[in-house]
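This report concerns only the one structure given below.
Residue numbers (the numbering used here), protein chains in the order written: chain A, 321 to 876; chain B, 1427 to 1713.
Below is the structure:
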């Protein structure tokens, strides 16, 4: 039985010239877990919003075709009525949690439906237990972390056991651990209660292993609707930007791509490209260890004689609150590209704010060889003028690829997500773009010159193509670059060095190939498949390692 | 300053009882003018805040309320032409004209200031000790949408404060001349509108558009529900009785009369005892 049916749906947002959905026809059966894939602007969010009735009831616009959810035609039933059968979760947990406590948040949709107090109480308990948030029920929502808030919002979407749950990039604001936990919870809910789940996600490597089906959208059209391994086959030929790193690696060695690290390893072993594991749960290829210090310690690096940015035993202690940074010591050389990684709350953003002078250390010292340009998470916060040309200098716009008449007169808020990010980068770079600070120069000479460019989580909600563009842009800058990110694939694409933060201090610091091959959460998919062999991070590196292994076996 | 669940008798009481208790204290502050009785209400509110474990939050509110109270004293002393006991002659002042400061006007200003101060403390006690979601549930049977709007406004304040802080930080990262206030205001407005749109969409998909009048929730009354409801009734009866029976007389004009006799002391002590008795029973307050 179909829970969701799209029948030749074409939809155009008010004021838009091109349709966001173009003759989309999709059928999703009860109990399926379906992943929606596609580049930014391909229509994934619109499809989900059409399933929940927000399109066209909330957004307006021109709608043709038919969407039926659990037997209800969305043209005849409003969003409120459809809320009884569709649970919806958006990207930003801050704006979808509306009540003061988790318990009230979970009860809210059930109370809106006029359920009896006992049904509400039971629905709240069941949703809380299913998502492991029973201990959070009486916590104020204003005090929850991003991951907890997202789980509370998911609980509200699941309370009342809707037939269908639609999720729009629910992991984009979460660290890898919280993201993986959320995907695991979704799979469990899907298996336990037969709830149909439709999930839009950019980081496909994270969720393809849990999916029953993948629907790929290109320019609002359904380009592929297949099982995950068939989708990866299709992507290898028709949409390489949707290929996962693991699938790219397998394709490169002539093996049929499969989703998930475990299956990819098995496929390589079948081809004789990876040795069999020696013992249960262990890898026969020893993983190189990043330089990890003793508990509470700091990686001791020989002080670089010329530093673009230097943190010396920096502490940040909140008045009547926790300690965010605990004696962090870090030195970045001119022109070096460093990825700052760690779970949510590890102190990454605070460290960047100290670098840019937005915060002062309670102890310790921060020194930079010139101006520090900091791009915070939301590029919209930087946009205050009426045209792109007014926002930044021509040199800076040139550096980020937004120069020329095609952009000059456009309103900054009309740009796409990736373009806004580049414009915000141009704004913070100012006139000092491209000029790496020379150590030893005088204070006046340093004024306005960019010594370090810092970016805080720049890839949130970005598709793979845009991430690649940003990585290329960062590699092209003369200044040192320090990027806080949760995305190991992005770190592998732009960084020379990775610093892993935990509890306010670096716990691992080394070349990108060393740190990102030494674990599970902070490792690329290629590194996880190959068990860290040869420090390979990308499919191309992985291919080289496998070819070497193959050649060695042939010689033997 | 927001609600945070704590282990206290007031937090353990249902929102209806806790709400009535805070309103009763506010009613007492509004109906009594005798400085001793009004002072007793202020003490009761302060002690209740300490008993509820929200002393530091209410102290913060008191620090903010103090300048307001002082302003009221000053303004009343300067503008009131009543009272017979002149304590300072300021002569002719611009705008105010001939100004004499009298003991009566100053004292009455102090009473008004103390009343405002006490009402702010009552508000702070309510904000920190009464669960807004339970209040919403109370009022949604009467006017659901208005109650939800009020709750959302409370919930969105910290979110918007964080947005404003983010916007300020982003502007500090811009090299060169800082943007004008108008430009900043425009950017902030755009951000708020974006937030409002997202929240509206979230409300829609949670079924707000078809919200039904919820059925009555029969929850058994706990000892703390009963204690605070009884305290609220006692405080209201005592304050109203004292006012109607003229047990706590006070007249500021034309000459000051604020007797401190047995009835005033009795009412004052009675108010404090009634207000604080519910805090004596601390069984079943753990969350």
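Glycine included, every Cβ here is placed at the ideal spot set by N, Cα and C. These figures come from a predicted structure and were not determined experimentally.
DSSP bridge partner residues for residue i (one or two, in chain order)
i: residue 652 of chain A; result: A:629
i: residue 1488 of chain B; result: Bridge partners of residue 1488 of chain B: none, in fact.
i: residue 427 of chain A; result: None; residue 427 of chain A has no bridge partner.
i: residue 332 of chain A; result: A:382
i: residue 421 of chain A; result: A:460
i: residue 773 of chain A; result: A:693 and A:801
i: residue 831 of chain A; result: A:817
i: residue 850 of chain A; result: Paired residue(s): none; residue 850 of chain A is not in a bridge.
i: residue 878 of chain A; result: Residue 878 of chain A falls outside the range modelled here, since chain A spans only 321 to 876, and no answer is possible.
Reference residue i, options the options, closest by Cα
i: residue 1692 of chain B; options: B:1677, B:1707, B:1673 and B:1705; result: B:1673
i: residue 1656 of chain B; options: B:1460, B:1427, B:1496 and B:1445; result: B:1445
i: residue 300 of chain A; options: A:774, A:700 and A:724; result: For residue 300 of chain A there is no data in the structure shown, the boundaries of chain A being 321 and 876.
i: residue 433 of chain A; options: A:399, A:554, A:650 and A:856; result: A:399
i: residue 831 of chain A; options: A:825, A:839, A:819 and A:824; result: A:819
i: residue 1498 of chain B; options: B:1513, B:1511 and B:1538; result: B:1538
i: residue 728 of chain A; options: A:705, A:748 and A:679; result: A:705
i: residue 815 of chain A; options: A:713, A:795 and A:627; result: A:795
i: residue 322 of chain A; options: A:392, A:857 and A:563; result: A:392
Where residue i falls: helix, strand or coil (DSSP)
i: residue 414 of chain A; result: helix
i: residue 493 of chain A; result: coil
i: residue 325 of chain A; result: strand
i: residue 539 of chain A; result: coil
i: residue 647 of chain A; result: strand
i: residue 348 of chain A; result: strand
i: residue 664 of chain A; result: coil
i: residue 571 of chain A; result: helix
i: residue 1526 of chain B; result: strand
i: residue 1712 of chain B; result: coil
i: residue 1507 of chain B; result: coil
i: residue 1637 of chain B; result: coil
i: residue 1476 of chain B; result: helix
i: residue 680 of chain A; result: coil
i: residue 513 of chain A; result: helix
i: residue 1672 of chain B; result: coil
i: residue 720 of chain A; result: coil
i: residue 1643 of chain B; result: coil
i: residue 659 of chain A; result: strand
CA-to-CA distance, residue j to residue i, given in whole angstroms
i: residue 497 of chain A; j: residue 841 of chain A; result: 7 angstroms
i: residue 1741 of chain B; j: residue 1559 of chain B; result: A query on residue 1741 of chain B cannot be resolved here, the shown segment of chain B reaching from 1427 to 1713 and no further.
i: residue 454 of chain A; j: residue 1700 of chain B; result: 37 angstroms
i: residue 1683 of chain B; j: residue 1677 of chain B; result: 5 angstroms
i: residue 352 of chain A; j: residue 516 of chain A; result: 5 angstroms
i: residue 1611 of chain B; j: residue 703 of chain A; result: 12 angstroms
i: residue 603 of chain A; j: residue 584 of chain A; result: Note that residue 603 of chain A scores a pLDDT of 44, beneath 50, so its modelled location is shaky and nothing firm can be said.
i: residue 526 of chain A; j: residue 505 of chain A; result: 13 angstroms
i: residue 877 of chain A; j: residue 1639 of chain B; result: The question about residue 877 of chain A has no answer, for chain A in this structure spans 321 to 876.
i: residue 1481 of chain B; j: residue 423 of chain A; result: 26 angstroms
i: residue 1709 of chain B; j: residue 1471 of chain B; result: 22 angstroms
i: residue 1495 of chain B; j: residue 1456 of chain B; result: 15 angstroms
i: residue 736 of chain A; j: residue 1619 of chain B; result: 19 angstroms
i: residue 859 of chain A; j: residue 335 of chain A; result: 42 angstroms
i: residue 1609 of chain B; j: residue 370 of chain A; result: 35 angstroms
i: residue 1510 of chain B; j: residue 1694 of chain B; result: 28 angstroms
i: residue 608 of chain A; j: residue 1603 of chain B; result: Low confidence applies here, because residue 608 of chain A scores a pLDDT of 46, under 50, leaving its location unreliable and the question unanswered by this model.
i: residue 327 of chain A; j: residue 340 of chain A; result: 15 angstroms
i: residue 1628 of chain B; j: residue 364 of chain A; result: 18 angstroms
i: residue 1433 of chain B; j: residue 1551 of chain B; result: 15 angstroms
i: residue 438 of chain A; j: residue 636 of chain A; result: 47 angstroms
i: residue 629 of chain A; j: residue 688 of chain A; result: 4 angstroms
i: residue 1582 of chain B; j: residue 785 of chain A; result: 35 angstroms
i: residue 762 of chain A; j: residue 712 of chain A; result: Below a pLDDT of 50, predicted positions are generally treated as unreliable, and residue 762 of chain A, at 44, falls in that range; the measurement from the model is reported next regardless. When rounded, the distance between both Cα atoms is 26 angstroms.
Under 7 angstroms from the C-beta of residue i: neighbouring residues of chain D
i: residue 372 of chain A; result: The chain labelled as chain D is not found among the protein chains of the depicted structure, namely A and B.
Handout entry: Cβ-based contacts, 8 angstroms cut-off: residues of the stretch 1683–1695 of chain B near chain A
Key = Within the stretch 1683–1695 of chain B, no residue has its Cβ closer than 8 angstroms to any Cβ of chain A.
Exercise for the section: Give, in chain order, every residue of the stretch 422–438 of chain A whose Cβ lies closer than 8 angstroms to some Cβ of chain B. Expected result: 423, 424, 428, 429, 431, 432, 433, 434, 436 and 437
Handout entry: Where the stretch 1603–1616 of chain B meets chain A: residues whose CB sits under 8 angstroms from a CB there
Key = 1605, 1609, 1610, 1612, 1613 and 1616
Practice task
Taking only beta carbons into account, state which residues of the stretch 445–475 of chain A come closer than 9 angstroms to chain B, listed in chain order.
Solution key: 458, 459, 460, 461, 462, 463 and 473
Exercise for the section: Please list the residues of the stretch 390–406 of chain A that have a C-beta atom closer than 9 angstroms to any C-beta atom in chain B, keeping them in chain order. Expected result: 398, 399, 400, 401, 402, 403, 404 and 406
Practice task
Closer than 7 angstroms, Cβ to Cβ, to anything on chain A: give me those residues from the stretch 1587–1602 of chain B, in chain order.
Solution key: Taking 7 angstroms as the Cβ-Cβ cut-off, the stretch 1587–1602 of chain B approaches chain A at 1592, 1593, 1595, 1596, 1598, 1599, 1600, 1601 and 1602, given in chain order.
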